[in-house]
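What follows is a set of notes on a single structure, which appears directly below.
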Amino acid sequence: MKADKDLKIVIIGLGYLMEYIAPCYQKLLGENLATNVVGVTADAADVERKEKAIGIRVILNDNLKALREMEPDFIFFAPPPSVAPGLTESVLVPYFREIRQAGKPIPTLYVFPPNPVGKFYMDKLGEDLKIVNILPNMINEIAGENVTAAGFTMITFPDDQDNWKQEDLDFLRRFWAPLGNTVFLNPAQVKAALSVSCVNQMLSEIFYDVADIDCCAVTAAQLGEAARAYHLQNLGRNQ
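In structure tokens form, the structure reads like this:
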């Protein structure tokens with residue numbers, strides 16, 4: 031693998047999420063950021079702002095141009111889930127065909143829509159593809175306090191994919207470190223993990239709201255304790 035600062039990245043679907051994770055690739059590339067990352071967006075009115083905010087070159091609506099120019103080591107694929115299958119057919123399939131015919135290295139694919147799952151891309155682009163679905167940690171601040179280290183990014187590998195080396199796994203942890211911890215999951219686990227994460231966020235808001243009601247002499251911490259006890263009881267794990 032190349033040195034971190036020399037890696038090249040193309041972002042397909044440069045929206046809010048790809049801006050949010052910018053600290054990860056900014057730290058990775060350092061002074062090489064502007065030359066080693068290209069983002070593609072469909073938002074014509076926001077190209078200039080994104081370039082200034084992130085510090086990278088942004089192309090409007092020409093994914094294949096970005097891929098052919100950069101020949102990236104990593105493709106960050108972040109279109110809306112409803113668009114992902116069509117863009118796979120119109121952009122990724124022809125690009126991967128081109129680089130395979132030219133005998134060039136196959137880029138690693140980081141996919142951010144939870145669906146389609148990784149196996150879909152392997153079927154389309156080749157069984158030797160290194161592919162992960164990624165749900166970044168989105169909890170970074172509570173009441174003005176930085177809580178990034180308490181959260182985790184969920185990384186889902188396709189079933190039966192066995193072409194990841196230890197250095198690839200180390201890189202995943204290193205890349206996502208600015209957003210907290212990383213958790214490696216399989217497709218059967220990720221929906222449950224995502225559900226728990228979403229419910230946890232909603233419950234905390236509910237607990238604080240209930241605690242603020244004058245008629246309820248209870249704290250958010252006490253509500254949390256009661257919820258944990260109820261959950262453990264239902265699991266048969268009373269303490």
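Heads up: the sequence shown runs through residues 31 to 269, numbered per my numbering. The beta carbon of each residue, even a glycine, is placed where N, CA and C say it ideally should be. Here the structure is a predicted model, which means the values were calculated and not measured.
Sub-8 Å separation of residue i and residue j beta-carbons
i      : j      : result
Ala209 : Thr186 : Going by the sequence as given, residue 209 is Leu instead of Ala. Not closer than 8 Å, so no.
Pro217 : Pro188 : yes
Thr138 : Phe104 : yes
Val77  : Ile39  : no
Leu94  : Thr71  : no
Gly43  : Phe107 : yes
Ala241 : Leu233 : no
Phe237 : Ala250 : yes
Leu265 : Leu224 : no
Asn163 : Thr178 : no
Lys32  : Leu59  : no
Gly45  : Leu63  : no
Glu61  : Ala83  : no
Residue interval of the alpha helix (DSSP H) (run including residue i)
i      : result
Met184 : Note, Met184: premise wrong, no alpha helix (DSSP H); beta strand (DSSP E) at 182–186.
Phe107 : Per DSSP, Phe107 belongs to no alpha helix (DSSP H); it is in the beta strand (DSSP E), 104–107.
Val40  : Note, Val40: premise wrong, no alpha helix (DSSP H); beta strand (DSSP E) at 39–42.
Met152 : 148–155
Pro124 : 123–131
Opposing strand residues paired with residue i [DSSP bridges]
i      : result
Gly210 : The partner list for Gly210 (beta bridge, DSSP) is empty, contrary to what the question assumes.
Thr71  : Leu90
Val141 : Phe107, Asn163
Asn216 : Per DSSP, none; premise fails for Asn216.
Glu175 : Ile172
Handout entry: Stretch pair the region 143–158 + the region 111–127: three plus CB contacts closer than 8 Å
Key = yes
Exercise for the section: Tell me, please, whether the region 147–165 touches the region 187–202 by the rule of three or more beta-carbon pairs shorter than 8 Å. Expected result: yes
Handout entry: Cβ contact (3+ pairs, closer than 8 Å) linking the region 49–56 and the region 118–129
Key = no
Problem - At least three beta-carbon pairs within less than 8 Å, the region 90–109 to the region 35–51 - result: yes
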